[in-house]
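Chemist: Shown below is the structure under consideration.
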Amino acid sequence: FTQHLSVLNLQLQGKKQTIYQMVGFVDSFRKRLHLFKSALNKNNLLHFPCCRKLSEEEGLEFRDYPEIIEDLSSEFDRQFNDFESFRSDISLFNNPIHFDIESQPGHLQQIDRIKQTMHRVHMERFNLKKLNKVEGKEEYCVEISNRFAALENSDTEVDVNKAWETNRENLIFHIRENIKMSAKESLDYYEPKKHKPWFDEGCSKLLDHRKQAKLQWLQDPSELNGNNLNNIRRETSRHFRNKKRDYLKDKIDELAMNSKNKNIRELYRGININITETTYSCQFEYVFCNQQACNTGQSLTLLWPLAP
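Using this note's numbering, the letters of the sequence shown map in sequence onto residues 40 to 347.
Below is the structure:
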């Protein structure tokens, strides 16, 4: 039992876990205790290899030990009895789609009331991926340590306990600002992914339309909504392919014009720009056709089908 308790202890101390996962670990252990108790009552030592070996060699019985497991199970039920009071909230948090909505309060069933209590807040997003590297962690630790060390070494003598009671919000604000300034200096801001050059307002509207269709299907997984979602997905994919094809065609025409006019500088500049926007095959085709055009003096559009 000590080994099983140690495993549970390590699971509850793990990082990046939700409350639902931690409650699941405890519930799993409680069910395991009931399984152990039932097995010992039948003298089934499948889960206890050491006891099974003693039973085979010495002929010992272990039918009296279920009382110990019963006491341990009762203690777990008593210690974690508070879980039952908010178990429905945890289940709703874990999977709101497949949860029984009718059993929830009315204010959670109406999204308009929820939206009335919410408002958009501009939040600074920092590049937290730098913390995954040792250099980024060290730089952030040094920065935040220096800032708080400067506060500790200030000439102003302040009773922290008294200041906390009288001006708590102001102190929290200054602490928050120091943490944000440290993150800004060491981590910098997060840069969101940029859309492709061919991604326009029409593509954005199609994406929103696809999201709405998917939400509608999740709320009502009927055949009609499923067919509607599949049709919108096909339409969106077709539109994206056409936009990308038109964009690449314009780029090819631009390269062909530069090749025809012997504008070598713009030709190579266009090739270098498109390296980050196209696949490896397109990169190879651009370079191959460009070399053929420079060597033979032919138009780039005529040489395009010859690319490997």
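We put the beta carbon where it would ideally sit given N, CA and C, even for glycine.
Keep in mind that this is a model prediction, so the values were computed, not measured.
1) Flag this pair as yes or no: are the beta carbons of L170 and S112 separated by less than 9 Å?
2) Considering only their Cβ atoms, is the gap separating F119 from I129 smaller than 9 Å?
3) Nearest by alpha-carbon distance to F238: which of K92, Y179, N270, L287 is it?
4) Going by beta carbon distance, what residues of the same chain come within less than 7 Å of L85, once the five residues before and after it are set aside?
5) For chain B, is any of its Cβ atoms less than 9 Å away from the one on L210?
6) According to the Cβ coordinates, are S221 and R186 closer than 9 Å?
7) So is S67 buried or exposed if we call it buried at 16+ other beta carbons inside 10 Å?
8) Is it right to say F125 is buried, meaning 16 or more other beta carbons lie within 10 angstroms of its own, or is it exposed?
9) Could you please give me the residues that DSSP links to Y228 through a beta bridge?
10) Tell me which residues share the same chain as I107 and place their Cβ nearer than 7 Å to its Cβ, disregarding the 5 neighbours each side in the sequence.
11) Can you give me the C-alpha to C-alpha distance between Y59 and G98, rounded to a whole angstrom?
12) Tell me whether the beta-carbon of N270 lies closer than 9 Å to the beta-carbon of L226.
13) The alpha helix (DSSP H) with E97 in it runs from where to where?
14) Within its chain, find whatever has a CB closer than 6 Å to the CB of I183; leave out the 5 residues flanking it on each side and keep chain order.
15) With DSSP as the reference, label W256 as helix, strand or coil.
16) Tell me whether Y228 is buried or exposed, calling it buried when 16 or more other Cβ atoms sit within 10 Å of its Cβ.
17) Closest to H248 by C-alpha separation, out of P88, N267, E163, would be which residue?
18) Alpha carbon to alpha carbon, what distance is there between D110 and N83?
19) Which residue wins for smallest C-alpha separation from K76, given the options T57, M61, F101, K92?
20) Determine the DSSP secondary structure at Y104, reduced to helix, strand or coil.
21) Buried or exposed for K235, going by 16 or more other Cβ atoms inside 10 Å?
Modeler: According to the structure data:
1) No, these two residues do not count as a Cβ contact at 9 Å.
2) No, these two residues do not count as a Cβ contact at 9 Å.
3) Answer by Cα proximity: L287.
4) For L85, same chain residues with a beta-carbon under 7 Å away, outside a window of 5 residues either side, are A78 in chain order.
5) Reference to chain B is not applicable here, since this structure consists of a single protein chain.
6) Going by C-beta atoms, S221 is nearer than 9 Å to R186.
7) Burial check for S67: the Cβ neighbour count within 10 Å stays below 16, so the residue is exposed.
8) Exposed.
9) By DSSP's assignment, Y228 forms a beta bridge with F165.
10) Excluding positions up to five away in sequence, the list is empty.
11) Linking Y59 to G98 through their CA atoms gives a straight-line distance of about 43 Å.
12) In this structure, N270 lies away from L226, with their beta-carbon atoms at least 9 Å apart.
13) Here the alpha helix (DSSP H) through E97 covers 88–97.
14) In chain order, S221 place their CB closer than 6 Å to the CB of I183, counting only its own chain and leaving out the 5 sequence neighbours on each side.
15) Correct three-state label for W256: helix.
16) Counting other Cβ atoms within 10 Å of its Cβ, Y228 stays below 16 and is therefore classed as exposed.
17) Nearest option by C-alpha distance: N267.
18) Distance between the alpha carbons of N83 and D110 is about 20 Å.
19) Selected option, being the one with the closest Cα: F101.
20) Three-state result, Y104: coil.
21) Label assigned to K235: exposed.
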